[in-house]
Ligand SMILES: Nc1ncnc2c1ncn2[C@@H]1O[C@H](COP(=O)(O)OP(=O)(O)OP(=O)(O)O)[C@@H](O)[C@H]1O
Ligand SMILES: [Mg+2]
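Protein chains in written order, with the working numbering: chain A, 5 to 447; chain B, 2 to 239.
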């Protein structure tokens, strides 16, 4: 029956090819949408999993999370350095690293932070960052690049790079007066870190004094640190108790540790994760500056609840296409039945029982669906591989590159079963037809 | 279901057999007795609507028959279930229709080999190499050009298609060949050649032949000629 089914399909190869294509498109969409959804969630959760709290200027937790960890949207108005020091001093805070944002390197976000970042940042359930080559920066002009940045531009330790002002792909203002030298390349993590350039707080800040002097911050559409340089210093004088220094330039450069006036966020790790809510409350309510401490996982849940409706709509669309694909196949098979009455009568005359002809129809649609599924998966995986770099750059998460996950396997199986199940309709018609026709087919 | 002693000498036997099509007011067939001996060749004639094709459907087990009325090679068809009749058909009977005998998407050679694919018995009886047997049959039926064996079936002329159908009916030597007006789409010369070849092959393989035709002048190829108007009591020419 299988052999006969294949031969019969080959005979109608044009229509069959079209049907296979429509099934392939269905599979491509259903699995693609599903993969997008799960990849986004997994990748986001992975990136933020090692951070207990993200502290930034008072604002929406989802925006803070997106802006800081994933470099999507605004990095916020920034907070004073003194807040960072206050957070560091809080009980139960094991570590805190400052985060400066707002620059990009050829489209990849540049993060200004301290070397603590490399020791403290955890991802994917407790894994530490590792250097593929080189090590953390010691000087202000040192930069560490994520694996993807290095791979994309062929960077290695010793390469000199220039960053641009602004968070987008379009360079508004090249900081070419202050180049960095790559001192380290990180091993791949499968998180947003891979597409990040990490520099010291000092190196990051130095750029912005430069651009501030040029006076072209107005070109920056994002509320980045540079725009806040001037007001921040006023704020500093008003609220800073921990350091109580004068101007940044004179004070910090003499010290062993550089202190910027403003930072965008602080990543916080606690000695006891169970205390996260109380620490959050302290930061939110008792520190002098209006701050928001974000629990990454809670913010992610919030984000998913916002995107939930869109996801559902996307999935519904994908399933509608799958339904259309299977319907198309049933139409194709049904339409050919009348033309094939003769064929069925001949098959009966040489001993094919009606249920074997029934089976022939089911086998044919199983074949069409299976070929469509395989084709759809091949195309999907090709597209994933080809679009991966662009995709990660545009949306900040890594596409799952597994050929087929277990969950997707179930979806594929469901499509296969639906295809075979739907073919029972025309098959049942053929069954009745062959019984009525017998050998006396008419034309 | 096994053949009772003494009855195996018949290719088919029908006794007091009536058939009425579902939804019909009257019987289509009412036959008191008609038998065909093994290896015998019978020409069955009769006007249109006299029940020739219906009789053929009954013999080939496509329509439901109560037990005790129709036997093929000694096997009572009425004792067989629907799907067993389908298997029985391919095991014991080769069928040739008026036209459109071939499956387009199989080559002529594959068409000839189809019964061997569906029936173990036909496969076993088709000799050590069924493909060679099929090619020999095709050659004997005048299709010796091997290119024709592999060409698309619908590119063959009608006469060639009928000969391929004959080869398919003959392969694996079924006890009975049923042919329902296989020559009515052929011109006179092709018709004569076809019947010649079919007669020769049936003689060679020992298959019995029931040949339905309106055509005159075919009697010399057959052992017996019957007229449906005489046999079928349900048919009246009035
Ligand atoms: N599948 C069927 N369902 C109902 N009635 C049928 C069916 N096949 C044939 N009949 C009826 O049975 C009768 C005998 O028809 P049959 O086809 O056996 O005639 P025939 O002798 O083969 O005629 P022809 O020479 O035209 O082929 C006719 O009255 C016909 O209408
Ligand atoms: Mg007829």
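Cβ atoms here follow ideal geometry from the backbone N, Cα and C, with glycine treated the same way.
Burial state of residue 275 of chain A, where buried means 16 or more other Cβ atoms lie within 10 Å | As a working mapping, residue 275 of chain A is identified with position 271 in the first chain. Exposure of residue 275 of chain A is indicated by the presence of fewer than 16 other C-beta atoms within 10 angstroms of its C-beta.
Assign residue 18 of chain B to buried or exposed, taking buried as 16 or more other Cβ atoms, counted over all protein chains shown, within 10 Å of its Cβ.
-> Here residue 18 of chain B refers to the residue found at position 17 when the second chain is read from its first residue. Label assigned to residue 18 of chain B: buried.
With respect to 7 Å, is the separation between the Cβ of residue 317 of chain A and the closest non-hydrogen atom of ligand 3 below this value?
-> Summarising the ligand content, the structure contains ligand 1 and ligand 2 and does not contain ligand 3.
Return the first residue and the last residue of the beta strand (DSSP E) that residue 268 of chain A is part of.
-> Locating residue 268 of chain A in the first chain gives position 264, where the first residue counts as 1. First-last for residue 268 of chain A: undefined, no H or E at that position.
Kindly give me the distance between the Cβ atoms of residue 91 of chain A and residue 97 of chain A, rounded to whole angstroms, as I take these residues to be in contact under 8 Å.
-> Reading the first chain from its first residue, position 87 is the one you call residue 91 of chain A. Reading the first chain from its first residue, position 93 is the one you call residue 97 of chain A. Yes, they are in contact, since the Cβ atoms of residue 91 of chain A and residue 97 of chain A sit about 6 Å apart, within 8 Å.
From what residue to what residue does the alpha helix (DSSP H) around residue 342 of chain A run?
-> Against the first chain, residue 342 of chain A aligns to sequence position 338. Membership of residue 342 of chain A in the alpha helix (DSSP H) is indicated by the continuous run 300-343.
Note down, in chain order, all residues in the segment 101-127 of chain B with a beta-carbon under 9 Å from any beta-carbon belonging to chain A.
-> Hits within the stretch, in order: 101, 102, 103, 104, 105, 106, 107, 111, 112, 115, 116, 118, 119, 120 and 123.
Give the straight-line distance between the Cα atoms of residue 100 of chain A and residue 327 of chain A, rounded to the nearest whole angstrom.
-> Position 96 of the first chain, counted from the first residue, corresponds to residue 100 of chain A. Position 323 of the first chain, counted from the first residue, corresponds to residue 327 of chain A. Cα to Cα, the separation comes out at about 51 Å.
According to DSSP, is residue 351 of chain A helix, strand or coil?
-> As a first step, residue 351 of chain A is located in the first chain; it is residue number 347 there, counting from the start. Look at residue 351 of chain A here: in three-state DSSP terms it is helix.
Any C-beta of chain A under 8 Å from that of residue 171 of chain B | As a first step, residue 171 of chain B must be located in the second chain, where it is residue number 170. Chain A places no beta carbon closer than 8 Å to that of residue 171 of chain B, leaving this residue out of the contacts.
Give the DSSP-derived three-state secondary structure of residue 35 of chain A in the structure shown.
-> Translated into positions along the first chain, residue 35 of chain A becomes position 31. In the displayed model, residue 35 of chain A falls within a helix according to three-state DSSP.
Cβ-heavy atom distance, residue 221 of chain B to ligand 2, below 7 Å = One-based indexing of the second chain puts residue 221 of chain B at position 220. False, no ligand heavy atom lies under 7 Å from that Cβ.
If you drop the 5 nearest sequence neighbours on each side, which residues of the same chain put their C-beta closer than 8 Å to that of residue 110 of chain B?
-> Indexing the second chain from 1 puts residue 110 of chain B at position 109. Here residue 110 of chain B has 132, 135, 136, 139, 150 and 151 as same chain residues with Cβ atoms under 8 Å from its own Cβ, once five neighbours each way along the sequence are excluded.
Please list the segments of the beta strand (DSSP E) lying wholly inside the segment 62-147 of chain B, counting only runs of 3 or more residues, in order along the chain.
-> At a cut-off of 3 residues, the continuous stretches assigned as beta strand (DSSP E) that sit fully inside the segment 62-147 of chain B are 71-73 and 94-97.
From residue 36 of chain A to residue 60 of chain A, what does the alpha carbon distance come to, in whole angstroms?
-> Position 32 of the first chain holds residue 36 of chain A. Position 56 of the first chain holds residue 60 of chain A. Roughly 35 Å between the two C-alpha positions.
Chain A partners of residue 71 of chain B, CB-CB under 9 Å?
-> Taking the first residue of the second chain as position 1, residue 71 of chain B is located at position 70. Within 9 Å Cβ-Cβ: nothing; residue 71 of chain B doesn't reach chain A, min ~15 Å.
Between which two residues does the beta strand (DSSP E) harbouring residue 108 of chain A extend?
-> For the purposes of this step, residue 108 of chain A is taken as residue 104 along the first chain, with counting starting at 1. Where residue 108 of chain A is concerned, the enclosing beta strand (DSSP E) stretches over 97-109.
CB of residue 380 of chain A to nearest heavy atom of ligand 1: below 7 Å?
-> If you number the first chain from 1, residue 380 of chain A lands on position 376. For residue 380 of chain A, the distance from the CB to the nearest heavy atom of ligand 1 is not below 7 Å.
Flag residue 91 of chain B as yes if its beta-carbon sits less than 8 Å from any beta-carbon of chain A, otherwise no.
-> For the purposes of this step, residue 91 of chain B is taken as residue 90 along the second chain, with counting starting at 1. Closer than 8 Å: yes.
Any contact of the segment 376-389 of chain A with the segment 113-132 of chain B, i.e. 3+ C-beta pairs under 8 Å?
-> A contact is defined here as three or more CB-CB pairs under 8 Å, and the segment 376-389 of chain A fails this definition with respect to the segment 113-132 of chain B.
Contacting residues, own chain, Cβ-Cβ under 8 Å from residue 340 of chain A (five flanking each side not counted) = By one-based count along the first chain, residue 340 of chain A stands at place 336. Once the five neighbours on either side are set aside, the close Cβ partners of residue 340 of chain A are 16 and 19.
If you measure beta-carbon to beta-carbon, which residues of the segment 353-379 of chain A are closer than 7 Å to chain B?
-> Shown in chain order are the members of the segment 353-379 of chain A whose Cβ falls below 7 Å from a Cβ of chain B: 353, 354, 355, 356, 357 and 359.
Contact residues within the segment 17-35 of chain A, judged by C-beta distance below 8 Å to chain B | From the segment 17-35 of chain A, no residue has a Cβ closer than 8 Å to chain B.
From what residue to what residue does the beta strand (DSSP E) around residue 116 of chain A run?
-> Reading the first chain from its first residue, position 112 is the one you call residue 116 of chain A. Boundaries of the beta strand (DSSP E) harbouring residue 116 of chain A: 112-117, taken from the DSSP string.
Residue 347 of chain A touches chain B at which residues, Cβ-Cβ below 9 Å?
-> Against the first chain, residue 347 of chain A aligns to sequence position 343. Result: 104, 105 and 106.
Taking the continuous beta strand (DSSP E) assigned at residue 192 of chain B, which residues delimit it?
-> Your numbering for residue 192 of chain B matches position 191 in the second chain. Premise fails: residue 192 of chain B lies in the alpha helix (DSSP H), 189-206, not in any beta strand (DSSP E).
For residue 78 of chain A, which option in A:196, A:40 and A:268 has the closest C-alpha, if you only look at C-alpha atoms?
-> As a first step, residue 78 of chain A is located in the first chain; it is residue number 74 there, counting from the start. Looking at the Cα atoms, A:268 is the closest of the given residues.
At least one CB of chain B closer than 8 Å to the CB of residue 6 of chain A: is that the case?
-> Looking up residue 6 of chain A in the first chain gives position 2. Chain B places no beta carbon closer than 8 Å to that of residue 6 of chain A, leaving this residue out of the contacts.
Cut-off 8 Å between Cβ atoms - residues of its own chain near residue 322 of chain A, not counting five sequence neighbours on either side | Counting from one through the first chain, the residue named residue 322 of chain A turns up at place 318. Cβ within range, chain order: 30, 33, 34, 36, 37 and 38.
Bounding residues of the alpha helix (DSSP H) (the contiguous stretch that carries residue 159 of chain B) | In the second chain, counting from the first residue as 1, residue 159 of chain B sits at position 158. Start and end: 159-171.
Heavy atom of ligand 1 less than 7 Å from the Cβ of residue 62 of chain B, yes or no?
-> Indexing the second chain from 1 puts residue 62 of chain B at position 61. Result no, Cβ not under 7 Å from ligand 1.
In terms of residues, what are the limits of the beta strand (DSSP E) holding residue 414 of chain A?
-> Counting from 1 along the first chain, the entry for residue 414 of chain A is found at position 410. Looking at the DSSP string, residue 414 of chain A is not in any beta strand (DSSP E); the run it does join, the alpha helix (DSSP H), is 410-426.
If you draw a straight line from the alpha carbon of residue 81 of chain B to that of residue 62 of chain B, how long is it in whole angstroms?
-> Counting from 1 along the second chain, the entry for residue 81 of chain B is found at position 80. Counting from 1 along the second chain, the entry for residue 62 of chain B is found at position 61. Cα to Cα, the separation comes out at about 9 Å.
If you follow the beta strand (DSSP E) that residue 184 of chain A is part of, which residue opens it and which one closes it?
-> By 1-based counting over the first chain, the position of residue 184 of chain A is 180. Residues 184-190.
How would you list, in chain order, the residues of chain A whose beta-carbon sits under 8 Å from the beta-carbon of residue 199 of chain B?
-> Translated into the one-based positions of the second chain, residue 199 of chain B becomes position 198. Contact of residue 199 of chain B with chain A by beta-carbon distance below 8 Å is absent, the smallest such distance being about 17 Å.
Measure the CB-CB distance between residue 184 of chain B and residue 216 of chain B and report whether it falls below 8 Å.
-> As a position in the second chain, residue 184 of chain B is number 183, starting the count at 1. As a position in the second chain, residue 216 of chain B is number 215, starting the count at 1. Taking a C-beta distance under 8 Å as the contact criterion, residue 184 of chain B and residue 216 of chain B qualify as a contact pair.
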